[in-house]
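In what follows, a structure is listed as structure tokens, so that the remarks can point back to it.
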Amino acid sequence: MSLLDTHIGFVEALRAAGLSVSLAEGLDAISALEQVSWHDRETVRAAYAATLVKRQPQRVTFDAVFDIYYPRLVGDGVAGERDGDDAEPAAGPRDTGPDLERFREALAEALASGDQQALQDLAAEAVARFGAMPGRGPGLSSWSAYTSLQRVSPSELVDRLVQGLLADGLDAERAQRTAGRRIGDFTRMVEGDARRRIAEEKGPEHVVGVTVRPTIDRLDFTAARRSDLEEMRREVYPLARRLAARLTKEQHARRRGPLDVRRTVRASIATGGVPLTTHHRPRRPHRTELVVLCDVSGSVANFAQFTLMLVFALREAFSGVRAFTFVDDVAEVSDVFRPGADVAEVMESLAASMSQAAMFGRTNYGRALTRFAEEHPDAIGPRSSLLVLGDGRSNYSDLALPVLADLAGRARHAWWLNPEHPRHWGTGDSAADTYGTIVPMVECRNLAQLGEFVHEIA
Amino acid sequence: MTTWFSSPADAATRLREAGYLTDDATALTAYLAGALEKPLLVEGPAGVGKTELAKAVARATGAELVRLQCYEGLDEARALYEWNYKKQLLRIQASSGQGSRQDSWSETHDDIFTEEFLLTRPLLSAIRREEPTVLLVDEVDKTDIEVEGLLLEVLSDFQVTIPELGTVTATRRPFVVLTSNASRELSEAVKRRCLFLHLDYPDAERERAIVTSQVPGLDDKVAAQLVDVVVRLRELELKKAPSIAESVDWARTLIALQIGDLDEATVARTLGVVLKHASDQRRAVKELKLATA
């Protein structure tokens, strides 16, 4: 492949991964590359990043695609050649016991010193030695990060690493954290190197589609891993701030209310009866009173948390927010979200409130709705909007459709946010379609969609 | 046409001499912005040195800094140019007494739309300057969408069209830096025309270098301790993580209080300098296990 082909393929892959890279930006990238020297891979990366990535959340995706199209080294690289000087090059199995011992020794040393370059080399070696999955013919062999990590099992080195760090004078907690971070880094390096190997074997186009994850605001709530959830939590407040800024702007744009005839005429007396300046009545911003009713059972708990956090972060945009959680019973959680409360504490007390919302522990929408209507009949009035969050999976129990119809009828507006893809609605025990006939069902799978929706109703 | 920086390494050295410590990506992007003559859009959390970068470029290259501070309601008249209508009125009144009516009108008409009556605002003056100029458009995300439209002509072609005068093209392209806190998404059109740089919190090494260079007289040991605490604070889930500006403020505070050792009690007492939310402070005290005095 020529350089141009690689560039075109790279830009195509970025577009496929959801970055909007225009033709002009591609040209900019080329003229930027003309200006810099190419001996350093990081320089090339930075030049591409400056011209192609215009949104920081996309940087992770960009880096992943870049690593595949512009790999750190090809094949075994220099490390492989050095290996060849050993007594028995490629004769017999390369991942024998003594080799593994020696390798783990080297890894422990590199981890203790925190030497990034050494770790990177070791990661490449780990994949080369322990991660090869030989195939029957050319193009069929592959590389596995999982196998190499299983064989090397860096997590067993944690204790040793912690001991070493403690000896260096760090306190216990920090030593633990540092050790965890370094091992995590190494794991990521191994995964990255396996991707590089596979890309080399099968062509980068093949790998990009499989391995590159969507950016954090496009990631499905239901598909999120623990680390993703933490990252999402960090995103909620910036998102709320952006939404608030947008809302104030829009309200300002519509601020001029209807003409105030009395004041305009009065003012015109000063200018001889000619109304030079017109006066307007201030526009009363319409604020919704929001009642959020959310399913906090295991399957959709994350989704409910994010929605609640976002809604409460934007509470100024509403005249009042009340939140209720349910599994098969209902509990009010509005008090948890005090203004200026700490995010982590809110999450803890929210988790604690979940036990109150469950009586038998199996989601039962019908029961929860009935209990809500009984216990909080005052919650929904003609000025409030009802927002139900949940996947509508009710374990084939009674759905209490008349109760929901009554609630929706009393409220000014009612919506149902569903974190599942519409193609799953109504499958299995999902009553999404049935509920959807009463309350408009809205798909809300990621932060971007959630942000859009909350902006709509505020 | 002068080049701004001759190479990324040159950019790094000269910016350092101007008191701004860059990382590789920043130096490279600053160099590219000069070499490609494209505007540079800098994004990042508050207090990581976005505005300072523009000032440092101006200092390093000996250029003059023209600054346009953006805010809600900023309009053409305050960003680009305005006709000095008071002076125009005076001119009309002064000329109305003399000559035949017809003549004086056409004369005056041509006369009042000349350079003399033009009030240049930052964007136009940056373009018209003959000397090297750094144009800083600060907090561009605070403006309305319409102003972005106005920026487009300036950013892509470095020219301004004034209906009465014609098009003013830059004789010498300024080095344009736009900063944004990402409180709203800028339009694709603006982003497309810019190079993008995201400034983030620096690593411990660089932060220590920045703090010691900004606050002379700070003990190396205290600087290391300070950076250490700040790095740990950033790992916590806080509403506003401390940025470089806060670290520097903290170092100055320690100097002012003549504190030679940053122990836990001192951290707890001076935490208000770095954390500006009550809940953040409580959280930090809890997580860092500080003894509250």
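Order-wise, the sequence lines are chains A and B. Take the working numbering: the final residue in the first sequence is number 458, and no numbers are missing along the way. Take the working numbering: the final residue in the second sequence is number 751, and no numbers are missing along the way. All residues carry an ideal CB built from backbone N, CA and C; glycine is no exception. Predicted, not measured: the structure shown is a model, and the values here were computed from it.
Secondary structure of residue i, DSSP reduced to three states
i: F318(A); result: strand
i: A132(A); result: strand
i: L594(B); result: strand
i: F654(B); result: strand
i: T619(B); result: strand
i: F10(A); result: helix
i: S142(A); result: strand
i: L293(A); result: strand
i: P154(A); result: helix
i: E604(B); result: helix
i: T572(B); result: coil
i: M359(A); result: coil
i: W462(B); result: coil
i: H413(A); result: strand
i: A323(A); result: strand
Within chain B, the residues that residue i reaches when beta carbons sit closer than 7 angstroms
i: Y237(A); result: K697
i: E25(A); result: R650
i: E245(A); result: This sequence places Ala at residue 245(A); Glu is not what is there. The answer, in chain order, is S641, R642.
i: R218(A); result: Neighbours of R218(A) on chain B: none; closest Cβ ~15 angstroms, over 7 angstroms.
Proximal residues of chain A, C-beta to C-beta of residue i below 7 angstroms
i: K508(B); result: Per Cβ cutoff of 7 angstroms: no residues; K508(B) is ~13 angstroms from chain A at best.
i: R630(B); result: Those within 7 angstroms of R630(B) in chain A number zero; the least Cβ separation is about 19 angstroms.
i: R517(B); result: Within chain A, no residue comes near R517(B); the closest Cβ sits about 22 angstroms away, beyond 7 angstroms.
Alpha-carbon spacing of residue i relative to residue j, whole angstroms
i: D83(A); j: A118(A); result: Per-residue confidence for D83(A) stands at a pLDDT of 44, beneath the threshold of 50, marking its modelled position as unreliable; no derived number is given.
i: K496(B); j: Y489(B); result: 10 angstroms
i: Q546(B); j: F575(B); result: 7 angstroms
i: R362(A); j: V208(A); result: 40 angstroms
i: R445(A); j: E420(A); result: 6 angstroms
i: A13(A); j: P660(B); result: 30 angstroms
i: A16(A); j: A640(B); result: 25 angstroms
i: C528(B); j: S355(A); result: 50 angstroms
i: I766(B); j: R727(B); result: Not covered by the structure: residue 766(B). The range shown for chain B is 459 to 751.
i: V731(B); j: K698(B); result: 12 angstroms
i: E452(A); j: P134(A); result: 48 angstroms
i: A469(B); j: P674(B); result: 24 angstroms
i: R664(B); j: D185(A); result: 21 angstroms
i: A485(B); j: T288(A); result: 49 angstroms
i: V321(A); j: E375(A); result: 18 angstroms
i: A32(A); j: Y48(A); result: 8 angstroms
i: R263(A); j: H252(A); result: 21 angstroms
i: Q116(A); j: T427(A); result: 49 angstroms
i: Q662(B); j: K747(B); result: In the sequence on display, residue 662(B) carries Ala and not Gln. Between A662(B) and K747(B), the C-alpha separation is close to 21 angstroms.
i: R226(A); j: L417(A); result: 22 angstroms
i: D86(A); j: R72(A); result: Annotation note: pLDDT 41 at D86(A) (below 50); position unreliable, coordinate value reported separately. The alpha-carbon atoms of D86(A) and R72(A) are separated by roughly 24 angstroms.
i: S464(B); j: D5(A); result: 29 angstroms
Within chain B, the residues that residue i reaches when beta carbons sit closer than 8 angstroms
i: R241(A); result: S641
i: S20(A); result: E646
i: T43(A); result: P466, D482, L486
i: S31(A); result: L494
i: A46(A); result: D482, A483, L486, T487
i: E344(A); result: Reading off the sequence, residue 344(A) comes out as Ala, not Glu. Ordered by position in chain B, the residues that pass the 8 angstroms Cβ test against A344(A) are E695, R741.
i: R59(A); result: H656
Cβ-Cβ separation, residue j to residue i (assumed contact under 8 angstroms), whole Å
i: R642(B); j: D599(B); result: 5 angstroms
i: I183(A); j: V158(A); result: 6 angstroms
i: T509(B); j: D596(B); result: 6 angstroms
i: S583(B); j: V524(B); result: 6 angstroms
i: D482(B); j: A172(A); result: Contact flag wrong, Cβ pair sits at about 35 angstroms.
i: L308(A); j: V292(A); result: 6 angstroms
i: A145(A); j: G131(A); result: 6 angstroms
Proximal residues of chain B, C-beta to C-beta of residue i below 9 angstroms
i: V36(A); result: S465, P466, L486, Y489, L490, A493
i: R315(A); result: Chain B residues near R315(A): none, gap ~15 angstroms exceeds 9 angstroms.
Chain-ordered chain A contacts of residue i [CB-CB under 9 angstroms]
i: F654(B); result: A49, A50, T51, L52, V53, K54, R55, Q56
i: R692(B); result: Residues of chain A passing the Cβ test: none, with the nearest at roughly 11 angstroms.
Beta-carbon neighbours of residue i, restricted to chain A and to distances below 8 angstroms
i: E501(B); result: Q56
For this session: Tell me, please, whether the segment 227-246 of chain A touches the segment 429-442 of chain A by the rule of three or more beta-carbon pairs shorter than 8 angstroms.
Result: Flag = no, the segment 227-246 of chain A and the segment 429-442 of chain A do not touch.
Exercise. With a cut-off of 8 angstroms, do at least 3 Cβ pairs link the segment 581-593 of chain B to the segment 623-640 of chain B?
Worked result: They touch, by the three-pair rule.
For this session: Say whether the segment 319-327 of chain A touches the segment 355-369 of chain A, bearing in mind that this needs 3 or more beta-carbon pairs closer than 8 angstroms, one atom from each stretch.
Result: The answer is yes - the segment 355-369 of chain A touches the segment 319-327 of chain A, with three or more Cβ pairs under 8 angstroms.
Exercise. Any contact of the segment 179-197 of chain A with the segment 111-127 of chain A, i.e. 3+ C-beta pairs under 8 angstroms?
Worked result: Counting C-beta pairs with one atom in each stretch, the segment 179-197 of chain A and the segment 111-127 of chain A have three or more that are closer than 8 angstroms, which means they touch.
Exercise. Is the segment 511-520 of chain B close to the segment 566-580 of chain B, with three or more CB pairs under 8 angstroms?
Worked result: Three or more Cβ pairs closer than 8 angstroms define a contact, and the segment 511-520 of chain B falls short of that threshold against the segment 566-580 of chain B.
Exercise. Is the segment 683-700 of chain B in contact with the segment 731-742 of chain B, if contact means three or more CB pairs nearer than 8 angstroms?
Worked result: Touching, yes.
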